[in-house]
């Protein structure tokens, strides 16, 4: 491991306590802007990314930083993911719309990527104080407890998140969840993928279908989920990599649930003839 994971966790906690929490439920309207329709950025996002980028780059000399907000200004920064230098991938405030609305469902996500592979990841809930962390091949933990992904014996009791209008408005989705809780449980989107990964680690959620694969959203979560024994793969069955943005992926507690979601939702939608 190139760095001390506990040191990174401490830096994330400290930065969040000074840049995020004092602004929660205290934003001035001038502190909130839209990068695109329904895509918000706040003063907290910008301050947190600036601070984390500086301290993490100093922690690992020779590393570069790919932050969500910096990428919005210059998409060419993503080219660093395929280079040889270590890359800090930062989502300074995942769930910005929730944060701006005073809803305590947001997270800080940090991943360390080298050679196109995620080597370590951290997801922090500033309000709840929960920190999940882990590194490739060494497992994952949350607040000192070793993580192990679990699912209910009866799939009806699962909870998951599904994104993508194409899937949510499909006949296949209706067959599974038209009445709310279905054979594969209940669907609930938090609008914060970091919170959804934490909920899966905690056993409160169990699966996720994601169509936007921004590395700052998923690099850390996928690594931690797999290190905790869960199953992650793209819709075509290939492994997730932080360099990939398509075609979407399923995060599941195990191969069996992944196959079930793929067979009953993903493949029927992908194979449907457009009308």
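In our numbering, the protein residues as written are 3 to 277.
Here a beta-carbon is modelled for each residue, glycine too, at the ideal position from N, C-alpha and C.
Inset, instruction - Report all residues from its chain with a CB closer than 7 Å to the CB of residue 129; omit the five preceding and five following residues, and keep chain order. - result: Within the chain shown, residue 129 is the residue found at index 127, counting from 1. Answer for residue 129: 106, listed in chain order.
Legend entry - Residue span of the alpha helix (DSSP H) that contains residue 209, given as start and end: Position 207 of the chain shown, counting from 1, holds the residue named residue 209. That residue, residue 209, is in no alpha helix (DSSP H); its beta strand (DSSP E) goes 209 to 212.
Inset, instruction - Return the CA-CA distance between residue 100 and residue 242, expressed in angstroms with no decimal places. - result: Counted from its first residue, the chain shown places residue 100 at position 98. Counted from its first residue, the chain shown places residue 242 at position 240. Straight-line Cα distance between these residues: approximately 27 Å.
Legend entry - Beta-carbon spacing of residue 234, residue 211 below 8 Å: The count along the chain shown starts at 1 and reaches residue 234 at position 232. The count along the chain shown starts at 1 and reaches residue 211 at position 209. No, the Cβ-Cβ distance between residue 234 and residue 211 is not below 8 Å.
Legend entry - Buried or exposed by the 16-neighbour rule on C-beta atoms within 10 Å, applied to residue 222: Locating residue 222 in the chain shown gives position 220, where the first residue counts as 1. Looking at its Cβ environment, which holds 16 or more other Cβ atoms inside 10 Å, residue 222 is buried.
Inset, instruction - Check whether the Cβ atoms of residue 180 and residue 271 sit closer than 8 Å, and answer yes or no. - result: Within the chain shown, the letter at position 178 stands for residue 180. Within the chain shown, the letter at position 269 stands for residue 271. No, the pair does not count as a contact, with Cβ atoms beyond the cut-off.
Legend entry - Given residue 91 as reference, the closest of 104, 102, 97 and 119 once Cα atoms are compared: Your numbering for residue 91 matches position 89 in the chain shown. Per the C-alpha coordinates, the member of 104, 102, 97 and 119 positioned closest to residue 91 is 119.
Legend entry - Exposure label - residue 9; buried when at least 16 CB within 10 Å: Walking along the chain shown from the start, residue 9 turns up at place 7. Its Cβ having fewer than 16 others within 10 Å, residue 9 is exposed.
Inset, instruction - Counting only the same chain and skipping the five closest in sequence on each side, list residues whose C-beta sits under 8 Å from that of residue 11. - result: Walking along the chain shown from the start, residue 11 turns up at place 9. Close CB contacts of residue 11 within its chain, under the 8 Å cut and outside five residues either way in sequence, are with 124, 126, 133 and 135 (chain order).
Legend entry - 8 Å contact criterion, which residue 205 and residue 109 should meet: CB distance rounded: For this step, residue 205 is matched to residue 203 along the chain shown. For this step, residue 109 is matched to residue 107 along the chain shown. No, residue 205 and residue 109 are not in contact; Cβ-Cβ is about 17 Å, not under 8 Å.
Legend entry - Every unbroken alpha helix (DSSP H) within the stretch 9 to 83, with a cutoff of 4 residues, ordered by chain: 45 to 61 and 70 to 75
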